[in-house]
Amino acid sequence: MLSFVIRRLLLMILMMIVISMVSFVIIQLPPGDWVTSYAAHLRAISSPASEATLEALRERYGLGEPVWRQYLFWVSGFPRGDFGIAMSMQDTPVADLVLPRFGMSLLLSLSTLVVVLGLAIPFGIIAAVNRNGPIDYLFSTVAFFALSIPSFIVALGILFISVFYFGAVSIGGLYDAQYMGEPMNWAKFKSTLEHMPGPMLAIGLGGLAGTMRIMRGNMLDVLSQQFIETARAKGLRERVVVVKHAARLAVNPIISRVGIHLPEIIGGEVIVSVILGLPTLGPLFLRAVLAQDMYLAGTIIMLFALILLIGNLLADLVLAWSDPRITYN
Amino acid sequence: MTDGSAAATSRQLLRVDDLRVEFDTDYGKVCALDGVSLAVEEGRTLGIVGESGCGKSITARSIMRLLPQNASITGGSIHYSAPDTAPVDVTALKPNGATIRQLRGNAFAMIFQEPMTSLSPVYTVGAQIMEAILLHTDLNRREARERAIEMLDRVNIPAPEKRVDAYPHQLSGGMRQRVMIAMALSCSPRLLIADEPTTALDVTIEAQILDLLQQMQAAENASLIIITHDLGVVAETADHVAVMYVGRVVESGTVQDVLGDPQHPYTRALLHSVPRIGAKARLSPVGGTVPSLLEMPRGCKFAPRCSVAKSICHSSEPPSFALAGGRSVKCWLHDQGGGTGR
Numbered sequence: 011m012l013s014f015v016i017r018r019l020l021l022m023i024l025m026m027i028v029i030s031m032v033s034f035v036i037i038q039l040p041p042g043d044w045v046t047s048y049a050a051h052l053r054a055i056s057s058p059a060s061e062a063t064l065e066a067l068r069e070r071y072g073l074g075e076p077v078w079r080q081y082l083f084w085v086s087g088f089p090r091g092d093f094g095i096a097m098s099m100q101d102t103p104v105a106d107l108v109l110p111r112f113g114m115s116l117l118l119s120l121s122t123l124v125v126v127l128g129l130a131i132p133f134g135i136i137a138a139v140n141r142n143g144p145i146d147y148l149f150s151t152v153a154f155f156a157l158s159i160p161s162f163i164v165a166l167g168i169l170f171i172s173v174f175y176f177g178a179v180s181i182g183g184l185y186d187a188q189y190m191g192e193p194m195n196w197a198k199f200k201s202t203l204e205h206m207p208g209p210m211l212a213i214g215l216g217g218l219a220g221t222m223r224i225m226r227g228n229m230l231d232v233l234s235q236q237f238i239e240t241a242r243a244k245g246l247r248e249r250v251v252v253v254k255h256a257a258r259l260a261v262n263p264i265i266s267r268v269g270i271h272l273p274e275i276i277g278g279e280v281i282v283s284v285i286l287g288l289p290t291l292g293p294l295f296l297r298a299v300l301a302q303d304m305y306l307a308g309t310i311i312m313l314f315a316l317i318l319l320i321g322n323l324l325a326d327l328v329l330a331w332s333d334p335r336i337t338y339n
Numbered sequence: 002m003t004d005g006s007a008a009a010t011s012r013q014l015l016r017v018d019d020l021r022v023e024f025d026t027d028y029g030k031v032c033a034l035d036g037v038s039l040a041v042e043e044g045r046t047l048g049i050v051g052e053s054g055c056g057k058s059i060t061a062r063s064i065m066r067l068l069p070q071n072a073s074i075t076g077g078s079i080h081y082s083a084p085d086t087a088p089v090d091v092t093a094l095k096p097n098g099a100t101i102r103q104l105r106g107n108a109f110a111m112i113f114q115e116p117m118t119s120l121s122p123v124y125t126v127g128a129q130i131m132e133a134i135l136l137h138t139d140l141n142r143r144e145a146r147e148r149a150i151e152m153l154d155r156v157n158i159p160a161p162e163k164r165v166d167a168y169p170h171q172l173s174g175g176m177r178q179r180v181m182i183a184m185a186l187s188c189s190p191r192l193l194i195a196d197e198p199t200t201a202l203d204v205t206i207e208a209q210i211l212d213l214l215q216q217m218q219a220a221e222n223a224s225l226i227i228i229t230h231d232l233g234v235v236a237e238t239a240d241h242v243a244v245m246y247v248g249r250v251v252e253s254g255t256v257q258d259v260l261g262d263p264q265h266p267y268t269r270a271l272l273h274s275v276p277r278i279g280a281k282a283r284l285s286p287v288g289g290t291v292p293s294l295l296e297m298p299r300g301c302k303f304a305p306r307c308s309v310a311k312s313i314c315h316s317s318e319p320p321s322f323a324l325a326g327g328r329s330v331k332c333w334l335h336d337q338g339g340g341t342g343r
């Protein structure tokens, strides 16, 4: 098992190197560079810069160099914790921009994941046990709508309701305005928790419905297996049969699905955060891509990829622990 | 109707009378068991034989009250009377109530056909055996574990103190069936029901498992119902036999009587379809097919496949005629005699 984990970690480093190359190249693919988009921005606010100034900027950031040299320049800073500078953000170091938002993203994504699993699994069990009964149909109908509504519509709906029904003054954000710019402390954290249910609903609703449907299907599968009858034949209570024997096995495919589910949550987080103005990686990423700020965008992509790889590894390990039939070597 | 008292040398532990089970299907109500009557004597073995779909397993599950959700018992009774407890009519109990759960795994235990899937893949065999022991006895976890190891040893599993922590997928099919037997017998049941316990196993393993079942039954003085489609298994293990056909018991009696001198044309046909070493004659399969439960013939359900059917056989269903020696036959050919035998 240990050798499996070490092998996977080594493989992960290799993957990250490949991902860094591919993402850097892809960001560079659109015509032009940051200076082009900056010049366009200046023109738009009717103070166009001279060709000489733009050329000087290109020179300064090394944008005229071949892509591979820019890439090497970027990655050579990684060991020192230097992920380049964000040209579109007054040359702020990328690490300083990304770190606090990364924490928020992680907090939001992981809480959403936990709540989604915590609700979807029991709902799936209840639906399966009441198969083709009124509760099952109710759950299925609600899940059908939840799956069909895109997350950005849910986010807009939340904005609408909070403004028009609850009279919210400031919309968006993940904590009260007074904490803006403050470093993380207990009061700010509490305020953050209070603000999370809305975004979590928008990000997690689709996944909740999907996971519930899968759990229901798994449960129906497992409940028809012979060992369930064995458990009943022992004289166990139906509740014990359902939870200890059926759900314990039906949950395994959900665990392995967490690895697939994670990108959905990260992707949903980007869209929802842009709409709700959340201080997470999402909006920063969108801005970086639009401005062709390649160091910033590349670093964020690498972080997303890292979460994904770690999430998948953890899912595999939990699955091995949960299902004794699975061994890695 | 069935009269098993004539041959009774020991007392009856379980008596099924005129049991009727219906299934709610998309095509309407379907009668899976129609007037099934059986009796199991204390410490004896009853074999139930018949083709697949004849209601053998439904009968067993009715006794355990483990019928599927769309099935219901719509008539008859199942009386269980152990010497030291008050008699119970199992059909009158709530399907998942405390009383039947107290009987299941404790007084009644069951072994299933598929050893590969009868055990949960995520718990050790020890944990699964202990579950029943902890539920039905006062033993604590350590004592229950010791009992589990002792049971594994008694069903001849080598190195039981190690195997107790094995997962089912680490054991062979024969081993798993031994674990099932150990689990079923862990609370010393009065009645053990084995539903095709050897169908999924190799012939060599089959003999071992049947021996083991009989050994354990004798040691515990339990009654055994063995459900099978294999007349050889019945001949080897059972004292009494009930032959079933589409939800009815068509013939019952002692194994010597029924297999040695079959009276129902269906029993005869079944016996003729069994290969015999040294026999020159070609095997004769039972002609025709089992009728669908949705399109039952009006009279005797076997009449369309029967070589000696008379006109009455096609118009009305025969009752069970009692014969000498506690036998009964559900066939019009025994009408003139009316229970006096031949």
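Protein sequence lines correspond, in order, to chains A and B. In terms of the numbering used here, the first sequence opens at residue 11 and continues consecutively. In terms of the numbering used here, the second sequence opens at residue 2 and continues consecutively. Think of the CB as a built atom: it goes at the ideal place given N, C-alpha and C, for glycine as much as any other residue.
Excluding the five sequence neighbours on either side, which residues of its own chain have a C-beta within less than 6 Å of the C-beta of residue i, listed in chain order?
| i | result |
| --- | --- |
| V180 of chain B | V126 |
| Q302 of chain A | D43, W44 and S47 |
| Y81 of chain A | F34 |
| R335 of chain A | none |
| H335 of chain B | F322 |
| E318 of chain B | G300 and C301 |
| D146 of chain A | A137 and N140 |
So with CB distances below 7 Å, who are the chain A contacts of residue i?
| i | result |
| --- | --- |
| M111 of chain B | A243 |
| L67 of chain B | E239, R242 and A243 |
| N107 of chain B | G245 |
Could you work out which residues of chain A lie near residue i, taking near to mean beta carbons separated by less than 9 Å?
| i | result |
| --- | --- |
| A61 of chain B | Going along chain A, no residue has its Cβ under 9 Å from A61 of chain B, so there is no contact; the nearest lies around 10 Å. |
| E115 of chain B | Q236 |
| V297 of chain B | Per the sequence shown, residue 297 of chain B should be read as Met rather than Val. By Cβ distance, chain A contributes nothing, its closest Cβ being about 28 Å from M297 of chain B, past 9 Å. |
Hey, does residue i have any beta-carbon neighbour from chain A nearer than 9 Å?
| i | result |
| --- | --- |
| V123 of chain B | yes |
| Y267 of chain B | no |
| T118 of chain B | yes |
| N222 of chain B | no |
| Y81 of chain B | no |
| Q1 of chain B | Because chain B here runs from 2 to 343, residue 1 of chain B falls outside it and cannot be looked at. |
| M245 of chain B | no |
| M217 of chain B | no |
| M152 of chain B | no |
| Q178 of chain B | no |
| L172 of chain B | no |
| L47 of chain B | no |
Counting only Cβ pairs nearer than 9 Å, list the residues of chain B close to residue i.
| i | result |
| --- | --- |
| L233 of chain A | Result: empty, since nearest Cβ-Cβ is about 10 Å, beyond 9 Å. |
Could you check if residue i belongs to the surroundings of the ligand NAP, using beta carbon to heavy atom distance under 8 Å?
| i | result |
| --- | --- |
| V259 of chain B | Here there are no bound small molecules, and the ligand NAP is not part of this structure. |
What does the Cβ neighbour count give for residue i, buried or exposed, with the cut at 16 atoms within 10 Å?
| i | result |
| --- | --- |
| V44 of chain A | Inspection of the sequence shows that residue 44 of chain A is occupied by Trp rather than by Val. W44 of chain A is buried by the Cβ-count criterion. |
| E239 of chain A | buried |
| S253 of chain B | buried |
| T268 of chain B | buried |
| Y124 of chain B | buried |
| I320 of chain A | exposed |
| V15 of chain A | exposed |
| S86 of chain A | exposed |
Only counting the same chain, and skipping five residues up and downstream in sequence, which positions put a Cβ closer than 8 Å to that of residue i?
| i | result |
| --- | --- |
| T238 of chain B | T46, G48, L211, L214, Q215, L225 and I227 |
| H99 of chain A | Sequence inspection shows Met at residue 99 of chain A; the His mentioned does not correspond to that position. Around M99 of chain A: L107, D303 and L306. |
| V256 of chain B | G48, V235, A236, A239, D240, H241 and V242 |
| E248 of chain A | R242 |
9 Å is my cut-off, CB to CB: does residue i come that close to chain B?
| i | result |
| --- | --- |
| T240 of chain A | yes |
| R226 of chain A | no |
| D326 of chain A | no |
| L259 of chain A | yes |
| H271 of chain A | no |
Whose C-beta lies closer than 7 Å to the C-beta of residue i among residues of the same chain, with five residues either side of it excluded?
| i | result |
| --- | --- |
| A138 of chain A | R226, M229, L230 and L233 |
| E52 of chain B | H230 and V291 |
| I29 of chain A | M312 and A315 |
Using a C-beta to C-beta distance shorter than 7 Å, which residues of chain B count as neighbours of residue i?
| i | result |
| --- | --- |
| D333 of chain A | V123 |
| H255 of chain A | S121 |
Along chain A, in chain order, which residues have C-beta atoms closer than 8 Å to that of residue i?
| i | result |
| --- | --- |
| R102 of chain B | G245, L246 and R247 |
**Request:** Please go through the region 84-150 of chain B and give each complete beta strand (DSSP E) segment of 3 or more residues, from N-terminal end onward.
**Result:** 109-112
**Asked** Can you list, in chain order, the stretches of the alpha helix (DSSP H) that have 4 or more residues and sit fully within the region 262-328 of chain A?
**Response** 262-286 and 291-300
**Request:** Kindly provide the ranges of any beta strand (DSSP E) runs that are 3 or more residues long and lie completely inside the region 186-237 of chain B, ordered along the chain.
**Result:** 192-196 and 224-229
**Asked** Which residue spans inside the region 87-113 of chain A form an unbroken alpha helix (DSSP H) run of at least 4?
**Response** none
**Message:** Just to confirm the assignment: which complete alpha helix (DSSP H) runs, minimum length 4, are found wholly within the region 115-195 of chain A?
**Reply:** 144-158 and 161-174
**Item:** Ordered list of beta strand (DSSP E) runs contained in the region 21-72 of chain B, each at least 3 residues
**Value:** 29-42 and 46-50
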